[in-house]
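Shown next, in structure tokens, is the structure this report addresses.
There are 2 protein chains.
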Amino acid sequence: MNIKLVFRIISILMFIISFFLLFPTAFALYYDEIHEFKVFLIIIVCAVLCSSILFYLLKSDKKQNLSSKDGFLMVALSWLTASFIGALPFYFSNSIPCFTDALFETMSGFTTTGASILTEIESLPKSLLFWRSLTHWLGGMGIVVLTVAILPVLGIGGLQLIKAEAPGPSVDKITPRIKETAKILWLIYLGLTVAETILLMFGGMNFFDALTHTFGTLATGGFSPKNTSVGFYNSTYIDIVITVFMMLAGTNFILHYRMISGRYRSLLQDAEFRTYLGIFAAATLLISFNLYGFYETVGESLRYAAFQAASVLTTTGYATADFEKWPYFAQAVLFLLMFVGGCSGSTGGGIKVIRIFSLLKQAYNEMKYLLHSRAIFILKISGKTIRKDIMYAISGFFFLYIFLVLIVTVIVASSSQDVATSLTTALATVGNIGPGFGKIGPAENYAFFPDYVKWVLCFAMLVGRLELYTILILFTPVFWRK
Amino acid sequence: MNIKLVFRIISILMFIISFFLLFPTAFALYYDEIHEFKVFLIIIVCAVLCSSILFYLLKSDKKQNLSSKDGFLMVALSWLTASFIGALPFYFSNSIPCFTDALFETMSGFTTTGASILTEIESLPKSLLFWRSLTHWLGGMGIVVLTVAILPVLGIGGLQLIKAEAPGPSVDKITPRIKETAKILWLIYLGLTVAETILLMFGGMNFFDALTHTFGTLATGGFSPKNTSVGFYNSTYIDIVITVFMMLAGTNFILHYRMISGRYRSLLQDAEFRTYLGIFAAATLLISFNLYGFYETVGESLRYAAFQAASVLTTTGYATADFEKWPYFAQAVLFLLMFVGGCSGSTGGGIKVIRIFSLLKQAYNEMKYLLHSRAIFILKISGKTIRKDIMYAISGFFFLYIFLVLIVTVIVASSSQDVATSLTTALATVGNIGPGFGKIGPAENYAFFPDYVKWVLCFAMLVGRLELYTILILFTPVFWRK
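Protein chains in written order, with my numbering: chain Z, 157 to 638; chain W, 157 to 638.
This is the structure in structure tokens:
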């Protein structure tokens with residue numbers, strides 16, 4: 157392993173995080189939050205110093221490449237570093253006086269989970285609320301992808317890193333050069349950010365609220381600077397804008413790229429996207445049907461159903477209604493959506509539509525084999541053949557996902573939580589969703605969990621965001637064998 | 157397809173079921189239940205008549221074989237026929253006046269689920285309670301296996317049938333001839349039945365109670381003729397006997413055969429059995445630890461923990477304690493066990509230990525591939541190589557299992573049940589367990605569900621008992637294509 161190079165890249169990442177800390181610092185200045193301004197400034201100075209020292213100490217003349225082992229280690233360490241640095245402003249400003257809580261909030265931000273330990277969100281200084289939402293935005297597209305996009309430090313190995321971080325079983329290359337791909341992804345992300353912010357401001361939000369809610373939407377994060385989340389505005393227009401952008405964020409960004417390039421047909425040819433839309437439509441209809449009589453008009457039922465369905469499906473976690481007060485069938489549909497997640501190559505978490513879709517097709521193939529044991533059935537998705545080894549990886553992922561969720565369930569339950577709360581806490585953190593059922597419903601928060609549970613949930617969020625293998629592989633003996 | 161032959165075998169099965177109906181008829185006579193005696197007699201006469209007519213009408217001179225399609229159809233129809241005939245005594249004796257309920261109870265019996273719609277079990281005539289338990293015993297080892305064992309009607313195709321019915325991904329052949337294997341399995345089953353009945357009678361049970369509880373234990377069923385299940389006796393001795401026999405019933409019967417043949421070492425070499433014992437021991441210890449202070453002594457905690465752990469793990473469903481009153485951690489451990497099940501080749505249901513174990517090993521192999529993409533890692537269990545196509549079938553099974561559980565959850569929730577009740581109802585029926593959490597806890601029953609849910613649950617129990625593929629394959633277009 158090339159530990160030196162790994163830490164050198166980490167030092168660059170520290171620098172990037174420091175750079176992004178300048179934005180909340182500016183907000184602190186703008187909103188006259190002098191105490192927070194000082195805290196941010198000190199943290200930035202320290203981080204830049206550390207990063208520079210590390211960078212020069214680890215200088216090397218040789219042109220170096222990262223092995224796959226280095227890649228996994230580097231991505232894992234990047235996320236840990238980002239979360240630790242990111243937690244400092246909350247902690248040192250005394251806004252979140254307990255470090256575990258500060259780390260939980262930041263990890264929840266970077267992993268785009270959106271689970272919060274804050275009981276009174278609006279009492280936080282604006283600059284910290286902005287930083288809280290910015291962690292979503294950075295984590296959504298991936299901090300390592302960002303590093304790859306910005307810096308020419310990596311020769312070969314970039315794709316390896318993106319694969320270790322990026323969501324979904326396959327990252328199609330848009331361009332032959334990985335750096336170009338990373339740049340295009342970030343540009344689309346930026347474009348969507350500008351678009352949603354403007355649209356939300358049209359709906360009456362001020363710039364601060366529009367921007368932070370946009371971050372939460374596009375990263376499929378779910379942090380809102382309001383105690384009552386998006387429900388605060390009670391505006392049909394805002395609900396629709398956010399619903400649409402949640403769905404866009406949960407779409408494979410390569411499809412966005414194709415749309416921009418004018419290849420409209422590819423959208424309809426994409427089996428994953430069609431399935432994703434189908435699940436959303438079916439869930440929305442089933443829920444609105446069940447909500448008949450709960451809201452005054454059919455339109456309102458549709459509005460709340462679509463928002464909550466998109467929020468859970470894309471693993472965002474925003475709320476405009478306390479779905480725990482809904483009839484049970486609607487709740488069960490949302491519970492089902494907790495097992496799905498966004499598309500591959502999107503900012504959404506969860507198991508991902510492509511995996512569910514492939515596994516269904518594969519299970520069907522298995523039945524065909526039972527009837528014709530000597531035939532060969534090829535698994536095709538969107539016209540492309542899915543290789544057997546990819547199917548293996550997908551099956552392995554699905555099993556590990558359920559396994560991890562159940563283990564986390566038992567650990568959460570050990571702090572005396574009922575089965576429904578424990579299970580949905582596990583689903584909501586491993587899937588990077590945010591709210592669940594029972595004591596962590598959309599009107600609740602994660603503050604009441606004891607510290608050890610919060611640490612386990614931090615781990616669960618990270619493992620979920622980095623698609624299990626990247627983190628879990630570090631715990632295998634095979635990884636550390638020479 | 158050879159529909160004629162399929163129905164001919166069904167007619168034999170009807171005859172076998174009629175034969176077994178003689179036992180409750182004898183009990184009816186013994187307990188002076190004249191009304192039930194008449195009902196049983198009429199049903200037997202009708203069934204024998206139907207079966208004979210069918211058998212002779214479908215006579216054929218040619219020696220015929222079953223294709224794999226015929227096999228699936230025949231097994232599915234066998235179970236449906238058995239359940240329909242089995243429901244008649246409950247219905248016509250007016251003990252269960254609603255046919256849906258009667259069918260549910262019988263399906264729950266044959267599939268060894270043990271979910272009951274009876275609110276007042278002890279008020280039923282003894283002969284019907286005996287029949288109720290006998291359905292467990294017949295379904296436990298498999299009514300088709302029984303047919304194969306008894307009758308020389310099938311040339312080739314017997315293994316096909318057993319595979320479609322028998323639990324677990326692989327049925328090792330004990331003897332080269334499938335009929336011999338089926339006979340040996342039933343003889344072991346019979347031997348264990350005699351042993352447990354005698355042991356329970358030593359503990360103070362009368363013959364009737366001992367026999368019915370034995371049926372429920374060895375089939376991993378869970379029907380008890382007592383309202384409070386095994387808890388009625390409140391005897392440490394009885395608890396221990398039943399715990400041990402539940403664990404024996406959840407063990408691969410091939411291991412029993414090897415033990416009888418003196419091959420003791422094979423027990424310890426069997427990875428599935430070791431894992432199975434390990435899970436049981438870990439669960440028992442974790443639960444007893446959590447129950448500290450709940451019961452008066454450590455011994456009592458262990459006794460109740462071991463019984464409930466074995467009951468859920470083996471998918472029996474007997475209860476000596478209302479685990480819904482236990483602390484949440486203990487409940488969560490039991491919830492976790494609901495995802496496991498017995499060993500392959502046992503009478504237990506669920507996903508089965510071997511599948512969980514293989515999937516874990518496979519997931520670990522996937523991580524190795526991430527590090528050494530060009531290497532080849534062979535999956536070995538108990539020293540035997542697991543072929544890739546078997547691993548595929550196992551992954552497909554696991555996915556379909558979870559998928560089915562979630563779909564059933566949503567359907568149950570549509571009858572206004574909360575998420576915990578709905579989910580565990582789905583787990584308890586697909587896994588053939590019986591009790592779950594919420595409104596179907598060990599002190600509750602399934603009576604309150606509306607009819608359409610009961611029909612769906614009947615389907616779920618059957619699909620679970622026949623290991624998904626056998627039933628689900630009938631719903632694929634590929635099955636019905638020429």
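C-beta: ideal position from N, C-alpha, C; glycine also. Keep in mind it's a predicted model, so treat the numbers as computed, not measured.
How would you label residue i, buried or exposed, when you count the other beta carbons within 10 angstroms and need 16 or more for buried?
| i | result |
| --- | --- |
| GLU352/W | buried |
| LEU229/Z | buried |
| VAL609/Z | buried |
| TYR460/W | buried |
| GLU452/W | exposed |
| TYR186/Z | exposed |
| LEU213/Z | exposed |
| PRO606/W | exposed |
| LEU526/Z | buried |
| PHE479/W | buried |
| THR440/W | buried |
| GLY360/W | exposed |
| VAL195/W | buried |
| TRP636/Z | exposed |
| PRO598/Z | buried |
Can you give me the C-alpha to C-alpha distance between residue i and residue j, rounded to a whole angstrom?
| i | j | result |
| --- | --- | --- |
| ILE589/Z | GLY378/Z | 8 Å |
| GLY227/W | ARG530/Z | 17 Å |
| LEU141/W | HIS191/W | The structure shown has nothing for residue 141/W, since chain W only spans 157 to 638. |
| THR337/Z | LEU346/Z | 14 Å |
| PHE163/W | LYS225/W | 14 Å |
| ARG288/Z | ILE394/W | 59 Å |
| PHE266/W | TYR484/W | 32 Å |
| VAL509/W | GLY372/Z | 41 Å |
| ILE435/W | ILE354/Z | 56 Å |
| PHE364/Z | GLY587/Z | 28 Å |
| VAL454/W | PHE388/W | 21 Å |
| LEU424/Z | ARG511/Z | 19 Å |
| LEU618/Z | VAL634/Z | 21 Å |
| GLY270/Z | SER467/Z | 11 Å |
| GLY295/Z | TRP342/Z | 12 Å |
| PRO180/Z | LEU284/Z | 7 Å |
| MET170/Z | PRO245/Z | 15 Å |
| GLY412/W | LYS540/W | In the sequence as presented, Gly is not what sits at residue 412/W; that position holds His. Distance between the alpha carbons of HIS412/W and LYS540/W is about 20 Å. |
| LEU458/W | CYS206/W | 52 Å |
| ASN158/Z | THR632/Z | 19 Å |
When the Cα of residue i is compared with those of the options, which residue comes out closest?
| i | options | result |
| --- | --- | --- |
| TYR432/W | THR392/W, SER502/W, ILE173/W, LEU367/W | SER502/W |
| GLY506/W | GLU336/W, THR470/W, CYS254/W, ASP478/W | THR470/W |
| TYR602/Z | LEU622/Z, GLU623/Z, GLN573/Z | GLN573/Z |
| ILE396/Z | THR476/Z, GLY449/Z, ALA582/Z, PHE605/Z | THR476/Z |
| LEU447/W | THR580/W, LYS536/W, ALA486/W | ALA486/W |
| ALA232/W | ARG637/W, VAL634/W, LEU630/W | LEU630/W |
| ILE173/Z | ASN158/Z, SER223/Z, GLY298/Z, LYS544/Z | GLY298/Z |
| LEU515/Z | HIS528/Z, VAL496/Z, LEU527/Z, GLN464/Z | VAL496/Z |
| LEU259/Z | ASN390/Z, THR268/Z, TYR247/Z | TYR247/Z |
| ALA582/Z | SER208/Z, PHE358/Z, GLY620/Z | GLY620/Z |
| HIS369/W | LEU624/W, SER444/W, THR268/W | THR268/W |
| ARG504/Z | ILE534/Z, GLY473/Z, VAL489/Z | It should be noted that the sequence gives Gly, not Arg, for residue 504/Z. If we check each option's Cα against that of GLY504/Z, GLY473/Z comes out closest. |
| SER251/Z | CYS614/Z, ILE277/Z, GLU522/Z | ILE277/Z |
| THR585/W | MET494/W, LYS544/W, SER571/W, ASN521/W | MET494/W |
| ILE376/W | CYS499/W, LYS536/W, LEU177/W | At residue 376/W the sequence reads Thr, which differs from the Ile that was named. If we check each option's Cα against that of THR376/W, CYS499/W comes out closest. |
| THR577/W | GLU600/W, LEU560/W, PHE559/W | GLU600/W |
| ALA238/Z | SER417/Z, ILE165/Z, PHE604/Z | ILE165/Z |
Between residue i and the ligand SAM, is the CB less than 8 Å from at least one heavy atom?
| i | result |
| --- | --- |
| GLY620/W | Absent from the structure shown: the ligand SAM. Ligands present: none. |
Could you pull out every unbroken alpha helix (DSSP H) segment of at least 4 residues lying fully inside the segment 421-473 of chain Z, listed in chain order? 421-425, 427-446, 454-469
Enumerate, from N- to C-terminal direction, the unbroken alpha helix (DSSP H) stretches of 4 or more residues contained entirely within the segment 201-269 of chain W. 224-248, 255-266
Taking three-plus beta-carbon pairs below 8 Å as touching, is the segment 539-558 of chain Z in contact with the segment 566-585 of chain Z? no
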